[in-house]
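S.K.:
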Amino acid sequence: MDGQFDPALVVEALQKGIKVKTSQPSPDLFIEAYKKQLETYSEVICLTMSKTLSGTFNSAMLAQTILEDERVVVIDTESTINGSAYLAEKTLQYLNEGHDSSEAAVYLEALKDQGSLVFTVDNLKTLFDNGRLSRLQATIGNILRIKPILRFKRGVLDVEHKVRGFQKAAKYLVDEAKNMIDMGKKAIIRIAFVDRSIEAKELEHEMFQLGENIEVKITGVISPVVSAHVGLGGLGIYLAFE
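Residue numbers for the sequence shown follow this note's numbering, so the first one is 42 and each next one is one higher.
As structure tokens, this is what we get:
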């Protein structure tokens, strides 16, 4: 449902200083979508962004309960933006190999442990507004140009590290991919941003310098729901391994 709204409009609102709020889609929208898909397909799997960030999962589950149709399976990806998209991509591939929805649910659980969203933000005020930092932490952090490195995995957001300046934050993202490759794993990178398209391209270039054992894609502007929480200057990667 989130994809129906232009992310660029949210970025424009944030640039104008407009406070952006989000709301969850209604169960009726999900019921309508389920019924439409069941006209063509024998099963429907609905993957949502993490329920800790959005009420989308609850609406999707309520719709499934109202519909009372076991052919509809709702799964919380416990991720968001490019992470949820990557998990959906892998799940679709798995289903196309002949597996059913029950098997796909088990497969998806294993995939969740193989990746996480790692990102940084430019202005800590947004994190203060959303209750992630105290006013004092946000104020001092902005004055000292401190950039937090946040990791979102299995529905839990943690401040993992802090660096001075955006360039060091970007380097941290590259180093995370390098560490994975050094462990003998293929790194899967999905880059997303709020208003840092140039920096995203530069990050992509740096990632490609890590060698052949890496797959890198820029997925584009972060979705409206997450942009509203992250704020301007957001840049991050979904980092997984195969």
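For every residue, glycine included, the Cβ atom is placed at its ideal position computed from N, Cα and C.
Given the structure is predicted, the values throughout are model-derived calculations rather than measurements.
My output table needs one value for threonine 260: the three-state DSSP class, helix, strand or coil.
M.R.: Of the three classes helix, strand and coil, the one that applies to threonine 260 here is strand, per DSSP.
S.K.: On the DSSP bridge list, what partners appear for histidine 202?
M.R.: According to DSSP, histidine 202 bridges with Ile190.
S.K.: Pick helix, strand or coil for tyrosine 279, following the three-state DSSP scheme.
M.R.: It is a strand residue.
S.K.: Might you give, ordered along the chain, the residues of its own chain that have their beta carbon closer than 6 angstroms to the beta carbon of leucine 103, omitting 5 neighbours on each side?
M.R.: So the qualifying residues of the chain are Pro68.
S.K.: So which of Tyr135, Glu245, Ala101 and Ala241 has the shortest CA-CA distance to glycine 274?
M.R.: The option with the nearest alpha carbon to glycine 274 is Ala241.
S.K.: Residues in the same chain with beta-carbon distance under 6 angstroms from methionine 42, minus the five sequence neighbours each way, listed in chain order, please.
M.R.: Reliability of the predicted coordinates at methionine 42 is poor, the pLDDT of 40 falling under 50, and the value obtained from them is presented with this limitation in mind. Hits under 6 angstroms: Pro66.
S.K.: From the DSSP output, in three-state form, read off valine 197 for me.
M.R.: Residue state, collapsed to three classes: strand.
S.K.: Can you check whether the CB of threonine 121 is closer than 7 angstroms to the CB of leucine 88?
M.R.: It is not a contact, given that the beta carbons lie outside the stated cut-off.
S.K.: Out of Val267, Tyr127, Gln155 and Ile230, point me to the one whose CA is closest to leucine 94's CA.
M.R.: Answer by Cα proximity: Val267.
S.K.: Please return the same chain residues whose Cβ sits closer than 6 angstroms to the Cβ of threonine 260, not counting the five positions on each side in sequence.
M.R.: For threonine 260, where only same-chain residues beyond five positions count, the Cβ hits under 6 angstroms are Asn123, Arg231 and Ala233.
S.K.: How would you call leucine 214, buried or exposed, if buried means at least 16 neighbouring beta carbons within 10 angstroms?
M.R.: It counts as buried.
S.K.: From the DSSP output, in three-state form, read off glycine 182 for me.
M.R.: Three-state DSSP puts glycine 182 in a helix.
S.K.: My guess is that aspartate 202 and isoleucine 187 are in contact by the Cβ rule of under 8 angstroms, so how many angstroms apart are they, rounded?
M.R.: Residue identity check: residue 202 is histidine in the sequence provided, not aspartate. That pair is no contact at about 10 angstroms.
S.K.: I'd like to know whether the C-beta atoms of isoleucine 229 and alanine 281 end up nearer to each other than 7 angstroms.
M.R.: The answer is yes: Cβ separation under 7 angstroms.
S.K.: Assign leucine 128 to buried or exposed, taking buried as 16 or more other Cβ atoms, counted over all protein chains shown, within 10 Å of its Cβ.
M.R.: By the 10 Å Cβ count, leucine 128 comes out buried.
S.K.: For the stretch 99 to 142, list the beta strand (DSSP E) runs that are entirely contained and at least 3 residues long, ordered along the chain.
M.R.: The stretch 99 to 142 contains these whole beta strand (DSSP E) runs: 113 to 117.
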